[in-house]
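Asks: In my numbering, the protein residues as written are 24 to 371.
A virtual CB, placed ideally from N, CA and C, is assigned to each residue, including glycine.
Take a look at the structure:
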């Protein structure tokens with residue numbers, strides 16, 4: 024299953040037509056740039072095949088702990104095989120969890136491997152549970168196609184030359200209950216970013232109103248492959264959980280901002296459409312991926328303004344010191360400022 028697709032080739036004729044429409048719209052109305060980190064094409068509805076992450080494959084673990092690799096390798100392949108029964112995959116997850124917890128972190132490499140195993144096993148185990156979570160059919164809070172099309176029409180009519188997009192996006196057809204799959208596919212293609220678009224077109228197509236419409240269209244395309252609403256809801260749940268797992272694993276591998284945005288979007292959509300499934304994943308996702316780190320920036324100049332002190336004290340001296348009578352005067356200057364010294368053995 025292709026989960027995320029950012030670029031798609033389009034015919035030159037369609038690109039020229041879209042260029043003329045967008046050019047008139049951009050010159051007639053204010054443009055508010057919106058950076059699009061992820062777009063989704065009309066994906067296949069079946070769950071995508073998962074592969075064991077490269078850093079915890081049997082071959083990768085052999086260089087760190089050969090004995091662990093021999094035992095954990097087959098279990099990891101079972102855990103990531105979406106075609107196997109959930110019970111078999113959960114048994115593999117339990118055995119892997121025990122192996123990871125008992126792994127002696129005698130070297131930095133083993134400690135890193137243990138944490139990676141614990142994180143991925145927890146994620147996959149929770150994903151299996153979330154995929155079979157009951158409740159939250161995804162129809163009430165999901166973007167409804169008719170509602171999304173109607174709100175898009177209202178928005179386009181509120182901006183200069185926006186009405187020229189109504190026919191291009193088949194918005195009248197999208198508000199009909201018997202909209203055809205051909206129309207849905209065409210609208211999805213029209214809203215998918217491609218190399219044929221210039222910067223202005225991509226910026227306009229990335230606007231939240233049009234991306235909400237695309238999400239509703241793509242969801243309608245996926246649901247059209249099922250015979251009834253119950254099967255469609257289960258298929259949508261499987262798709263969204265799979266999308267989240269793919270996004271998180273890809274972010275772990277590449278550590279790119281676009282991958283992080285994809286993961287955030289997938290998590291946001293799952294929480295909205297399937298609260299019960301999100302609840303099964305929340306602990307693992309929040310602890311390992313969406314946890315928040317609080318950083319303090321300390322400035323010596325700022326602290327010096329708060330605690331600085333400068334004073335001069337003076338007075339007379341008339342004392343007997345070691346049998347000698349001493350007289351005179353004294354002057355003391357005090358200058359107090361902050362001086363931050365980094366710690367050598369602990370976090371500041």
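By DSSP's criteria, residue 99 is part of a beta bridge. Which residues make up the other side?
Replies: Reading the chain shown from its first residue, position 76 is the one you call residue 99. Answer is none; residue 99 lacks a bridge partner.
Asks: So does the stretch 130–142 actually touch the stretch 290–298, counting three or more Cβ pairs closer than 8 Å?
Replies: Too few Cβ pairs lie closer than 8 Å, so no.
Asks: Just grab the DSSP bridge partners of residue 337 for me.
Replies: By one-based count along the chain shown, residue 337 stands at place 314. Its beta-bridge partners are 354.
Asks: Applying the 10 Å Cβ sphere with the 16-neighbour rule, what's the burial state of residue 90?
Replies: Here the question's residue 90 lines up with position 67 in the chain shown. By the neighbour-count rule (16 or more Cβ atoms within 10 Å), residue 90 is not buried but exposed.
Asks: Distance check for residue 321 and residue 365, CA to CA, integer angstroms please.
Replies: Taking the first residue of the chain shown as 1, we reach residue 365 at position 342. Taking the first residue of the chain shown as 1, we reach residue 321 at position 298. When rounded, the distance between both Cα atoms is 11 Å.
Asks: Can the beta-carbon of residue 361 be found less than 9 Å from the beta-carbon of residue 327?
Replies: Position 338 of the chain shown holds residue 361. Position 304 of the chain shown holds residue 327. Yes.
Asks: Residue 229 to residue 270, Cα distance in whole Å?
Replies: Taking the first residue of the chain shown as 1, we reach residue 229 at position 206. Taking the first residue of the chain shown as 1, we reach residue 270 at position 247. The straight-line gap from Cα to Cα measures roughly 20 Å.
Asks: I'd like the span of the alpha helix (DSSP H) that includes residue 227, first residue to last.
Replies: If you number the chain shown from 1, residue 227 lands on position 204. From DSSP, the alpha helix (DSSP H) with residue 227 extends over 222–228.
Asks: Would you check if the distance between the CB atom of residue 174 and the CB atom of residue 264 is smaller than 9 Å?
Replies: Working through the chain shown from its first residue, we reach residue 174 at position 151. Working through the chain shown from its first residue, we reach residue 264 at position 241. Contact: no.
Asks: Please state whether DSSP places residue 162 in a helix, a strand or coil.
Replies: Numbered from its first residue, the chain shown carries residue 162 at position 139. In this prediction, residue 162 has a pLDDT of 46, which is less than 50 and means its spatial position is unreliable; what the coordinates show is noted afterwards. Reduced to three states, the DSSP call for residue 162 is coil.
Asks: How many whole angstroms separate the CB atoms of residue 73 and residue 105, which I take to be in contact at a CB cut-off of 8 Å?
Replies: Here the question's residue 73 lines up with position 50 in the chain shown. Here the question's residue 105 lines up with position 82 in the chain shown. Confirmed, about 6 Å.
Asks: Would the stretch 195–203 count as touching the stretch 215–224 if we require 3 or more Cβ pairs under 8 Å?
Replies: These segments do not touch.
Asks: Looking at the secondary structure, which residues open and close the alpha helix (DSSP H) in which residue 322 lies?
Replies: Within the chain shown, residue 322 is the residue found at index 299, counting from 1. Looking at the DSSP string, residue 322 is not in any alpha helix (DSSP H), and its letter there is neither H nor E.
Asks: In angstroms, rounded to a whole number, what distance separates the CA positions of residue 124 and residue 255?
Replies: Counting from 1 along the chain shown, the entry for residue 124 is found at position 101. Counting from 1 along the chain shown, the entry for residue 255 is found at position 232. So the two alpha carbons sit approximately 39 Å from each other.
Asks: DSSP state of residue 107, grouped into three classes?
Replies: Position 84 of the chain shown, counting from 1, holds the residue named residue 107. Coil at residue 107, not helix or strand.
Asks: What's the gap between the Cα of residue 345 and the Cα of residue 335?
Replies: Taking the first residue of the chain shown as position 1, residue 345 is located at position 322. Taking the first residue of the chain shown as position 1, residue 335 is located at position 312. Distance between the alpha carbons of residue 345 and residue 335 is about 28 Å.
Asks: Opposite residue 348 in the DSSP bridges: which residues?
Replies: For this step, residue 348 is matched to residue 325 along the chain shown. According to DSSP, residue 348 bridges with 343.
Asks: Tell me the residue span of the alpha helix (DSSP H) that contains residue 180.
Replies: Taking the first residue of the chain shown as 1, we reach residue 180 at position 157. Looking at the DSSP string, the run of the alpha helix (DSSP H) that includes residue 180 is 168–180.
Asks: Can you tell me the Cα-Cα spacing of residue 70 and residue 78, whole angstroms?
Replies: The residue you call residue 70 lines up with position 47 of the chain shown. The residue you call residue 78 lines up with position 55 of the chain shown. For residue 70, the predicted structure reports a pLDDT of 48, less than 50, and the residue's modelled location is therefore unreliable. A value from the coordinates is still provided. Answer to the nearest angstrom: the Cα atoms are 23 Å apart.
Asks: What's the call for residue 349, buried or exposed, on a 16-neighbour Cβ count within 10 Å?
Replies: Here residue 349 refers to the residue found at position 326 of the chain shown. Under this definition residue 349 is an exposed residue.
Asks: Among the residues of its own chain, which have a CB less than 7 Å from the CB of residue 193, if the five just before and after it don't count?
Replies: To locate residue 193, count along the chain shown from 1; it is residue 170. Here the set comprises 206, 209 and 210.
Asks: Could you tell me if residue 268 is buried or exposed, where buried requires 16 or more neighbouring beta carbons within 10 angstroms of its beta carbon?
Replies: Counting from one through the chain shown, the residue named residue 268 turns up at place 245. Buried.
Asks: Alpha carbon to alpha carbon, what distance is there between residue 172 and residue 252?
Replies: Taking the chain shown and counting its residues from 1, one reaches residue 252 at position 229. Taking the chain shown and counting its residues from 1, one reaches residue 172 at position 149. Computed Cα separation, rounded: 21 Å.
Asks: Once DSSP output is grouped into helix, strand and coil, what is the label at residue 359?
Replies: In the chain shown, residue 359 corresponds to position 336, counting from 1. Strand, per DSSP.
Asks: Can you give me the C-alpha to C-alpha distance between residue 186 and residue 281, rounded to a whole angstrom?
Replies: Along the chain shown, read from residue 1 onward, the residue named residue 186 stands at position 163. Along the chain shown, read from residue 1 onward, the residue named residue 281 stands at position 258. One C-alpha to the other measures close to 32 Å.
Asks: Which residues in the same chain as residue 132 place their Cβ atom closer than 7 Å to its Cβ, once the five residues preceding and following it in sequence are excluded?
Replies: Taking the first residue of the chain shown as 1, we reach residue 132 at position 109. Excluding sequence neighbours, residue 132 sits near 87.
Asks: For residue 359, which option in 343, 330 and 244 has the closest C-alpha, if you only look at C-alpha atoms?
Replies: On the chain shown, position 336 is the one that residue 359 refers to. Per the Cα distances, 330.
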